[in-house]
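Notes for the one structure printed next.
Protein chains: 2
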Amino acid sequence: MRMSSKEQEIVQSIQELSDQAGTHSPSISTITEKIPELNIEVDACFLSNPYATDLFSRQMQEDLIQSGRLREVLEFYPSQNQVVAENLSHFLEVPKEKIFIGNGATEIIQAVIHNFTRRKIVINIPTFSPYYEFVPEGVEVVYNQLYHGEGFQFNLERYIELIERENPDTLVLINPNNPSGCYIELADIEYLVNRLHWVDNIIIDESFIHFAFEGQSTDLVSATYLTEKFENLVLMKSMSKDFGIAGIRAGYAVMDENKVNDLLENGYLWNLSGLAEYFFRLYSNPEFQKRYEKVRVRYLNETQQFFAELGKLSGLKAYPSKANFVLVELTNGMKADDFTAGMLVKHGVYTRDCRDKIGLEGEFVRIASRSWEENKRIVNAAKDVLRTGNTGFGLGRN
Amino acid sequence: MRMSSKEQEIVQSIQELSDQAGTHSPSISTITEKIPELNIEVDACFLSNPYATDLFSRQMQEDLIQSGRLREVLEFYPSQNQVVAENLSHFLEVPKEKIFIGNGATEIIQAVIHNFTRRKIVINIPTFSPYYEFVPEGVEVVYNQLYHGEGFQFNLERYIELIERENPDTLVLINPNNPSGCYIELADIEYLVNRLHWVDNIIIDESFIHFAFEGQSTDLVSATYLTEKFENLVLMKSMSKDFGIAGIRAGYAVMDENKVNDLLENGYLWNLSGLAEYFFRLYSNPEFQKRYEKVRVRYLNETQQFFAELGKLSGLKAYPSKANFVLVELTNGMKADDFTAGMLVKHGVYTRDCRDKIGLEGEFVRIASRSWEENKRIVNAAKDVLRTGNTGFGLGRN
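As given, the protein sequences belong to chains F and Z, one line each in that order. The first sequence begins at 1 in our numbering and counts up by one. The second sequence begins at 399 in our numbering and counts up by one.
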């Protein structure tokens with residue numbers, strides 16, 4: 001694969017933007033603003049179900065745009081946390097007193113770690129960086145390495161031993177994990193929570209759980225039900241991944257009502273926008289849920305087919321994933337930054353170079369599942385890039 | 399004024415909602431959802447410039463709805479704090495490193511008090527309740543009473559003496575103050591900040607500053623320029639009051655760059671929605687600013703005329719205000735809850751009974767300035783309610 005000097009310039013510009021963005025990939029709008037000559041046709045960094053985005057957009061068009069109601073949603077104060085929690089409680093089948101609504105899941109991660117973590121936190125790596133970036137001064141971070149040689153699978157007994165030895169007050173489990181896509185079965189979660197009932201805060205982040213499944217069933221799985229029995233459990237969830245509404249900022253957590261009270265008594269007044277409130281009301285509507293369930297299952301099935309297709313390509317290894325992205329490792333000697341540069345500049349496909357992820361040594365790229373058509377383009381682009389090999393003009397940081 | 403039994407029932411329902419809402423009045427959408435038979439025609443609890451809301455709505459209609467761009471604003475991750483700060487820095491004429499963008503001003507109040515207040519905070523009363531509600535455990539709160547007999551005016555020398563005696567690490571000044579509307583001249587602010595340069599955090603909340611003025615000029619006033627010289631100054635501002643966009647959640651603060659860094663290093667990732675980012679980009683546009691300036695000055699002038707008309711009514715005293723609301727005291731023996739009930743049930747005008755405000759003993763009501771036509775209705779309704787007097791079916795809590 002040869003690049004023209006124009007293409008090399010584009011690669012250089014992207015590299016600069018990546019460096020500025022730190023541990024998160026620069027957004028597609030930032031990239032297209034700064035590098036207008038770049039044509040991103042498939043955003044395979046963006047983790048969302050595009051069919052659910054369509055469903056939500058159509059419904060919002062009808063409810064807010066055509067009716068002219070959008071103005072009032074933006075003009076007036078949204079309801080406070082407890083009001084939205086009440087709506088959601090029917091759908092989640094947990095008491096409203098146990099629900100905390102967040103301005104995106106990142107607000108909840110920050111709220112929980114800043115308010116309830118006092119001494120020591122154990123975080124699996126590779127992971128989603130805010131879990132260690134948000135840790136306050138004075139709190140010790142212990143990393144539990146998920147091993148390359150074990151396919152980044154979570155080892156239950158070894159984990160429990162580590163926790164018993166380290167005696168932390170907070171644990172974080174992302175299930176399925178980001179960026180590995182590894183899934184911990186609910187039976188294992190239940191076993192673990194039973195064994196570790198003495199830990200103050202067990203955070204289970206189910207932001208990608210709508211794309212997971214157990215056995216042959218595509219029914220929704222979730223550890224939410226365990227919050228009834230275990231007061232130390234903090235189950236949290238972003239809604240951006242399911243619905244592709246990252247711009248609305250919507251997430252929730254289910255936790256002990258004393259924790260919810262602690263948070264609400266000392267802040268988080270009007271932390272939701274009018275559109276987030278609209279979203280949660282819609283999401284809690286059983287009729288809308290039925291329609292969502294169809295697009296969820298469709299996307300889940302297509303996503304697994306996509307991963308299987310990628311896994312057939314020679315030159316990469318696709319790790320088993322129950323999320324809506326797949327971690328791939330380049331096995332043909334190619335560099336990850338070269339692969340992502342080739343995908344982007346030659347094919348307009350934006351993928352995530354994972355070299356900034358701590359605990360992930362090697363040439364790894366995270367690829368999101370998009371629509372059926374886009375997924376086909378991603379597979380063809382990857383096939384082409386893998387065939388032509390290194391160019392020496394990677395995107396990676398030095 | 400006699401009430402029918404139907405009207406008495408409505409009053410009862412409103413009283414229950416007010417009790418549930420705590421220290422903030424229930425939102426108009428909550429009220430109309432729970433009491434559909436109530437017809438609120440003028441929301442004089444809601445603090446915003448309705449002409450600016452019209453201007454913003456028309457612009458958004460063109461930029462996002464007609465163009466179909468709304469979907470991408472909601473779908474993709476908004477820019478991070480520093481990107482939006484860079485836009486705003488040109489308009490504010492302060493370095494971007496000193497700007498923190500918040501999900502509404504309440505998020506900023508929480509961020510600053512939770513992160514930078516360690517020992518003792520001095521708060522003027524009566525005030526906006528989050529300033530004391532958000533104070534963390536272990537921090538002492540000292541109230542500086544603004545005296546009824548002095549028209550709730552801020553006494554500069556007495557305040558400085560109190561601060562020197564109490565030795566707090568944080569001060570809060572809302573300018574103009576809520577709910578009194580009292581304004582501290584910029585020269586006095588500058589004098590005060592010079593004298594109290596040794597206090598760690600001086601918070602100046604300018605959420606209502608767009609409705610203030612000095613002398614005969616209607617030019618925008620602000621203490622923002624003082625942040626250049628004084629590292630301890632935290633200037634914060636809600637945008638909801640100026641633009642009537644409470645549902646978007648948009649606020650900002652200007653403070654020392656080390657404080658901004660402290661906040662951003664440990665959280666506040668993606669705390670803005672896509673619409674908040676759109677709003678700040680628009681607000682930073684000089685051409686839009688020119689159009690906004692016209693509706694700001696129009697509203698400011700109408701607001702002062704409205705306050706003058708209210709002040710002429712017999713049976714109440716209107717305190718001088720440079721905000722977009724006026725604090726009125728009933729002087730004819732009428733109870734505040736009776737007044738607000740009469741205004742709402744008989745005239746469809748929703749006003750704010752202030753009896754839950756600490757440091758405000760007596761029969762006080764806060765009335766917001768709305769459009770020219772609505773303000774006329776408010777004056778006429780008040781005249782009628784004041785004439786008919788007490789009914790005994792007040793809205794107040796027991």
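All residues carry an ideal CB built from backbone N, CA and C; glycine is no exception. Keep in mind the model is a prediction, meaning the values are calculated, not measured.
Buried/exposed call for residue i, threshold 16 Cβ in 10 Å
i: Gln-508(Z); result: buried
i: Glu-761(Z); result: buried
i: Glu-206(F); result: buried
i: Ala-52(F); result: buried
i: Asn-49(F); result: buried
i: Tyr-545(Z); result: exposed
i: Arg-397(F); result: Caution is warranted here: a pLDDT of 39 is assigned to Arg-397(F), below 50, making its placement in the model unreliable, and no coordinate value can be reported.
i: Leu-793(Z); result: At Leu-793(Z) the pLDDT is 49, less than 50, meaning the model places this residue with poor confidence; the figure from the coordinates comes in the next sentence. Answer is buried; the Cβ neighbour count reaches 16.
i: His-347(F); result: buried
i: Asp-640(Z); result: buried
i: Gln-80(F); result: buried
i: Gly-138(F); result: exposed
i: Thr-23(F); result: exposed
i: Ala-308(F); result: exposed
i: Asp-735(Z); result: buried
Nearest-angstrom Cβ-Cβ length linking residue i and residue j, presumed shorter than 8 Å
i: Asn-599(Z); j: Phe-514(Z); result: 5 Å
i: Ile-203(F); j: Val-112(F); result: 6 Å
i: Val-385(F); j: Gly-333(F); result: Not really, about 13 Å apart at Cβ, beyond 8 Å.
Backbone secondary structure at residue i - three-state DSSP
i: Arg-397(F); result: Note that Arg-397(F) scores 39 on pLDDT, short of 50, meaning its location in the model is unreliable and no value can be drawn from it.
i: Gly-102(F); result: strand
i: Glu-535(Z); result: coil
i: Met-255(F); result: coil
i: Glu-214(F); result: strand
i: Tyr-690(Z); result: helix
i: Glu-727(Z); result: strand
i: Val-540(Z); result: strand
i: Phe-809(Z); result: With chain Z represented from 399 up to 796, any question about residue 809(Z) goes unanswered, as that position is not in the structure.
i: Asn-155(F); result: coil
i: Leu-698(Z); result: helix
i: Ile-776(Z); result: helix
i: Phe-280(F); result: helix
i: Asn-39(F); result: coil
i: Thr-749(Z); result: coil
i: Phe-762(Z); result: strand
i: Thr-568(Z); result: strand
Interface partners of residue i on chain Z, CB under 7 Å
i: His-90(F); result: Those within 7 Å of His-90(F) in chain Z number zero; the least Cβ separation is about 16 Å.
i: Gln-110(F); result: Gly-665
i: Phe-134(F); result: Asn-664 and Gly-665
i: Asn-271(F); result: Asn-501 and Glu-505
Cross-chain neighbours of residue i in chain Z, by beta carbon under 9 Å
i: Gly-244(F); result: Leu-472, Glu-473 and Phe-474
i: Ile-358(F); result: Ordered by position in chain Z, no residue passes the 9 Å Cβ test against Ile-358(F), which lies about 17 Å from the chain.
i: Asn-87(F); result: Within chain Z, no residue comes near Asn-87(F); the closest Cβ sits about 12 Å away, beyond 9 Å.
i: Pro-130(F); result: Gly-665 and Leu-667
7 Å Cβ cutoff met for residue i and residue j
i: Asn-722(Z); j: Thr-738(Z); result: no
i: Val-570(Z); j: Tyr-529(Z); result: yes
i: Ala-44(F); j: Thr-388(F); result: no
i: Asn-630(Z); j: Val-597(Z); result: yes
i: Tyr-475(Z); j: Ala-246(F); result: yes
i: Gly-104(F); j: Glu-473(Z); result: no
i: Leu-594(Z); j: Ile-572(Z); result: no
i: Glu-435(Z); j: Val-743(Z); result: no
i: Cys-752(Z); j: Arg-764(Z); result: yes
Interface residues of chain F facing residue i [CB-CB closer than 9 Å]
i: Phe-444(Z); result: Glu-75, Phe-76 and Tyr-77
Closer than 8 Å at the beta carbon, the chain F residues around residue i
i: Thr-428(Z); result: Ser-79 and Val-83
i: Gly-649(Z); result: By Cβ distance, chain F contributes nothing, its closest Cβ being about 10 Å from Gly-649(Z), past 8 Å.
i: Ile-868(Z); result: The requested residue 868(Z) is not part of the displayed model; chain Z covers only 399 to 796.
Contacts that residue i makes with chain F (C-beta to C-beta distance below 7 Å)
i: Glu-562(Z); result: Under the 7 Å cutoff, chain F gives no residues; its nearest Cβ is about 29 Å from Glu-562(Z).
i: Arg-469(Z); result: Ser-57
i: Ser-425(Z); result: Phe-76, Tyr-77 and Ser-79
i: Thr-451(Z); result: Glu-75
Chain-ordered chain Z contacts of residue i [CB-CB under 8 Å]
i: Leu-275(F); result: Leu-472, Gly-645, Ser-671 and Leu-673
beta-carbon residue i near the ligand FMN non-hydrogen atom, thresh 6 Å
i: Glu-583(Z); result: By its list of ligands, the structure shown contains no ligand whatsoever, and the ligand FMN lies outside what it can speak to.
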